[in-house]
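Heads up: take any position in the sequence shown, counting from 1, add 176, and you land on this note's numbering.
Glycine included, every Cβ here is placed at the ideal spot set by N, Cα and C.
One structure is given below, encoded as structure tokens.
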Amino acid sequence: MSRLRALFALTRAPAALTALGDTAVGAAAAGRPLRGRRALLPVSSVALYWAGMALNDWADRELDAAERPERPIPSGRLGAGAALGIAAVLAGSGAAAAAVVGSAEAGLVAALAAAVVGYDVVFKSGPAGPVAMAACRGLDVLLGAGGARAAWPAAALLAAHTCSVTALSRGEVRGTDPVTAAAAAGTTALVAVAAVGGRCASPLHRIAALAAAAWYAARVGEVQLRACRNPDAPTARAATRAGIHGMVPLQIALTARHDLGTAALLAALPPVVRLSGKVVSAT
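As structure tokens, then:
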């Protein structure tokens, strides 16, 4: 049981629920429902998310020994080699699931896997880190769309949100700064407005998108504004958690423009994400 808990902590297992909506957003925007073999795409997305988390802890094992000794590798609950092996198996599983769907999806999941490795191993600590992480989320949305151009705007919005959250997350240990927090809050406001722009299937679809976008802006923006006033480490961590959890209301807003049924299914995720976050940290 203790090893299973270590695995859950390594992969931030419950936080992968925030990745389920990525492929749903892409599929809704492209008009390509997640049915038949395409139902494997959310599975692929989750597997790549878990792989990225495991690879992250492998790459950060020396830093975590000093800053986050409670994590599985520095605490000795899992070895570094085991973590790397878990990441490889998960990445391979995700790639295989997408390849079953089609050649476009196979190419996109390969690009996504490369982006995940690039972020964790090369770019994370440098100035390009937030952009690299944003590319991962954008590619995940495009995976659900099979690369269709119709999903590019939605992918860009989720990427922009991810970029700002990643920039804020750099202050989780030592604190952030008011400029970074203000930029994140501004990004949240712009993304919320853009999420309800463009074509909607009906007035009811737009109303649902507006409600979800308002939920997203209130949930994420409030903590980011608090970080502007008090940019210490605990507030930065709270803003990061809110940003991660806020992925789901944003996904609901983007999906509701085209597909109310799928948006309703995504609306069931936030309570689960919130509850699971009390058991395994998302950051």
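Item, Value
"For residue 349, the three-state DSSP class (helix, strand or coil)", "coil"
"Residues near residue 344 in its chain [Cβ-Cβ closer than 8 Å; skip 5 each side]", "352, 356, 357, 360, 400, 403, 412, 415, 416, 419"
"Where the alpha helix (DSSP H) through residue 421 begins and ends", "409 to 421"
"First and last residue of the uninterrupted alpha helix (DSSP H) at residue 376", "That residue, residue 376, is in no alpha helix (DSSP H); it is neither H nor E in DSSP."
"Reference residue 181, options 271, 250, 254, closest by Cα", "254"
"Other residues of its chain near residue 409: CB distance less than 7 Å, five sequence neighbours each side excluded", "347, 348, 349, 350, 351"
"Option nearest residue 280 by Cα separation, candidates 314, 272, 319", "319"
"Buried/exposed call for residue 190, threshold 16 Cβ in 10 Å", "buried"
"Beta-carbon gap between residue 121 and residue 234 smaller than 9 Å", "This structure cannot speak to residue 121, because the chain is shown only from 177 to 459."
"Top-ranked residue by Cα proximity to residue 371, from 306, 405, 424", "424"
"Within 9 Å, strictly: CB atoms of residue 202 and residue 384", "no"
"Nearest-angstrom Cβ-Cβ length linking residue 200 and residue 322, presumed shorter than 8 Å", "That pair is no contact at about 13 Å."
"Reference residue 237; option with closest CA among 256, 215, 221", "256"
"Extent of the continuous alpha helix (DSSP H) run through residue 201", "193 to 206"
"Integer-rounded CB distance, given that residue 308 should sit under 8 Å from residue 289", "Not quite, the Cβ-Cβ distance comes to about 13 Å (not below 8 Å), so this is no contact."
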